[in-house]
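In what follows, a single structure is set out as structure tokens and then discussed.
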Amino acid sequence: MAFKPLHDRVLVRRVESDEKTKGGLIIPDSAKEKPAEGEIVATGEGARKDSGDLIAMSVKEGDKVLFGKWSGTEITLDGEEYLIMKESDILGVLA
Amino acid sequence: MAFKPLHDRVLVRRVESDEKTKGGLIIPDSAKEKPAEGEIVATGEGARKDSGDLIAMSVKEGDKVLFGKWSGTEITLDGEEYLIMKESDILGVLA
Amino acid sequence: MAFKPLHDRVLVRRVESDEKTKGGLIIPDSAKEKPAEGEIVATGEGARKDSGDLIAMSVKEGDKVLFGKWSGTEITLDGEEYLIMKESDILGVLA
Amino acid sequence: MAFKPLHDRVLVRRVESDEKTKGGLIIPDSAKEKPAEGEIVATGEGARKDSGDLIAMSVKEGDKVLFGKWSGTEITLDGEEYLIMKESDILGVLA
Amino acid sequence: MAFKPLHDRVLVRRVESDEKTKGGLIIPDSAKEKPAEGEIVATGEGARKDSGDLIAMSVKEGDKVLFGKWSGTEITLDGEEYLIMKESDILGVLA
Amino acid sequence: MAFKPLHDRVLVRRVESDEKTKGGLIIPDSAKEKPAEGEIVATGEGARKDSGDLIAMSVKEGDKVLFGKWSGTEITLDGEEYLIMKESDILGVLA
Amino acid sequence: MAFKPLHDRVLVRRVESDEKTKGGLIIPDSAKEKPAEGEIVATGEGARKDSGDLIAMSVKEGDKVLFGKWSGTEITLDGEEYLIMKESDILGVLA
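Protein chains in written order, with the numbering used here: chain A, 3 to 97; chain B, 3 to 97; chain C, 3 to 97; chain D, 3 to 97; chain E, 3 to 97; chain F, 3 to 97; chain G, 3 to 97.
So, in structure tokens, the structure goes:
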């Protein structure tokens, strides 16, 4: 079942970061929240400028991204968990 | 009785998602709210740009969509339940 | 006594919806608020774009409309009750 | 003493509505606040568009208007009470 | 010592209104706050439009104005008290 | 060590106002906060218009300015205390 | 592992300021928060104007910058700690 995000939203599959998976322990070394890691699965066509034209998305399918831990809305498609969030919730792309 | 949503609003018929209907049990596996599923029944003509021109809607009649569980206003037309919401409340289209 | 709403406001005469008038009982079947029904009695000339031009109203005199139950300000003209609200408070037009 | 409201403000002389003056009793028949009635005494030159041009006022001296009961700031000029409010606080014009 | 307000700010010398100075008594006849009276001593060059051009000020040195009683920041220049406020805090000009 | 403020920020060296330094006593004669005095040490290049062009700064190095007492962020450069604030926090220029 | 910040975000490596490292003592001499010091490691392509064009970044890789102590989101890349923040969180550049 395919899913096409609307406007400037993206569909993200959460990826467990290394730090967490080694031994499964999470060691908080700071009061600050760490971002989560994910992979872009699908993107919308982009938000619209005041003129009504589309603004191209800055991320594309397959990009590995970081995003705030509490960003997005969870959805289940064919039994798999995804997150729908706005491109502006994406902090940057890992390369 | 027909209903024409105004501006960038859409009329949505809620669809029960598979997960919920099998056995009727809802198993919360996350603190995060899951979106609801629906079908677009009618759409407005679109919001207006600063210039006053219309911005075409990104969804159309018949689209299967996901939206936040608490989005929209319930209305009853000819005994059937619908939701009126803004297009921006639609997270994406299932295809 | 005539009344001309200013800008993008409309004058609405509330119409009792069927559901409520049959027997006078209101059976709440949902925690969500249902919209109210009304008829447009008069409209303003429309809001203004950034450029200062008018944006034509999307509803006209005689339209049957739905609006949020708590929308608008009540006024009494010649002993009759009306509501003044903004066009954006109108959810859609019944046809 | 004359008073020239600035920008899109208007100077309003409150008019007691019929309902209230007959016998001086106010009978609240609804939880909703009723608007007040007044007459435009003076208007500003209008707000400015993004371009910096003036937007002409929609009301003029002598107009009988309705406005929210708590709108505006009271001022006393030559012993008489007036209200200064923004044109957007005016709900509409009685004709 | 001269003072040049920045942008759309004005320098105002508060003027005691008649009502207050006669006998020094303030008789509150309404729950609503009355505006204060003052004289424009200096003005900024004006705010800037989106285009970056200046918008000329609507008040000038010497204008007698009304403003909200709590508007502005007090400053002392050469032992005299003034108020710095934005032009938008000025309700209108007495003439 | 030089410091270049970004965008529409300015670097300000706080100047003790006369009133305060004579005898070191602060006599509050009003419930209203008085602004502080300072000197512009460095300025950014200015904010950007919607078009992306720069808006020239209204203050320059050496200007004596007034600003809200709680405006800005304190920084220490080469052992001296400065404040970084936005030009919009500057109330006006003393001349 | 490289990281490309999105839009107008920057990747910053926090630098301990002199004051703090000498003896390791932090002497608070003011109720006001002091900004933190860092070095720009990577920058996004810039935010977009209303027209959709990019606005070039005002900081570049290698710039020593000051930023609010609580700005940004911490991330760990190859075992090193960084901060992702918006350019607007940068107060200025040390030179």
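Glycine is no exception: its CB is placed at the ideal position from the N, C-alpha and C atoms. Note that the structure is a prediction, hence the values are computed from the model and not measured.
Listed by chain order, chain D residues near residue i by CB distance under 8 angstroms
i	result
arginine 11 of chain C	Leu93 and Gly94
glycine 70 of chain E	Thr75
Chain-ordered neighbours of residue i on chain G, where CB pairs are closer than 7 angstroms
i	result
isoleucine 57 of chain A	Arg50 and Gly54
Residue closest to residue i, alpha-carbon to alpha-carbon, out of the options
i	options	result
aspartate 10 of chain C	C/Asp55, C/Gly94, C/Ser90 and C/Leu96	C/Ser90
lysine 36 of chain B	A/Lys88, A/Gly94, A/Glu83 and A/Ala97	A/Glu83
lysine 6 of chain C	D/Arg50, D/Pro7 and D/Ser60	D/Ser60
lysine 71 of chain E	E/Thr78, E/Ile92 and E/Ser53	E/Ile92
lysine 66 of chain F	F/Leu8, F/Ala44 and F/Ala97	F/Ala97
isoleucine 57 of chain B	A/Val14, A/Leu68 and A/Ser53	A/Ser53
glycine 40 of chain F	F/Ser73, F/Leu68 and F/Lys88	F/Leu68
Interface flag, residue i vs chain F, CB-CB below 8 angstroms
i	result
proline 37 of chain E	no
C-beta neighbour in chain B for residue i, strict 8 angstroms
i	result
lysine 6 of chain A	yes
Residue i at chain E interface by Cβ criterion, 8 angstroms
i	result
alanine 44 of chain F	no
Nearest-angstrom beta carbon gap, residue j and residue i [assumed within contact, 8 angstroms]
i	j	result
valine 12 of chain G	glycine 46 of chain G	7 angstroms
isoleucine 86 of chain F	glutamate 63 of chain F	Wrong, their Cβ atoms sit about 15 angstroms apart, outside the cutoff.
leucine 79 of chain C	valine 95 of chain D	Not a contact, Cβ separation roughly 12 angstroms.
valine 14 of chain D	glycine 74 of chain D	7 angstroms
lysine 44 of chain C	arginine 16 of chain C	Looking at the sequence shown, residue 44 of chain C is not lysine but alanine. Their Cβ separation, rounded to whole angstroms, is 14 angstroms, which puts alanine 44 of chain C and arginine 16 of chain C out of contact at 8 angstroms.
Short CB-CB distance (under 8 angstroms) between residue i and chain I
i	result
threonine 75 of chain B	Absence of chain I from the displayed structure is noted, the protein chains being A, B, C, D, E, F and G.
Interface flag, residue i vs chain A, CB-CB below 8 angstroms
i	result
arginine 15 of chain B	no
| message | Against chain E, which members of the region 76-87 of chain D pass a CB distance test of less than 7 angstroms? | response | Within the region 76-87 of chain D, the residues whose Cβ lies closer than 7 angstroms to any Cβ of chain E are, in chain order, Glu76, Ile77, Thr78 and Ile86.
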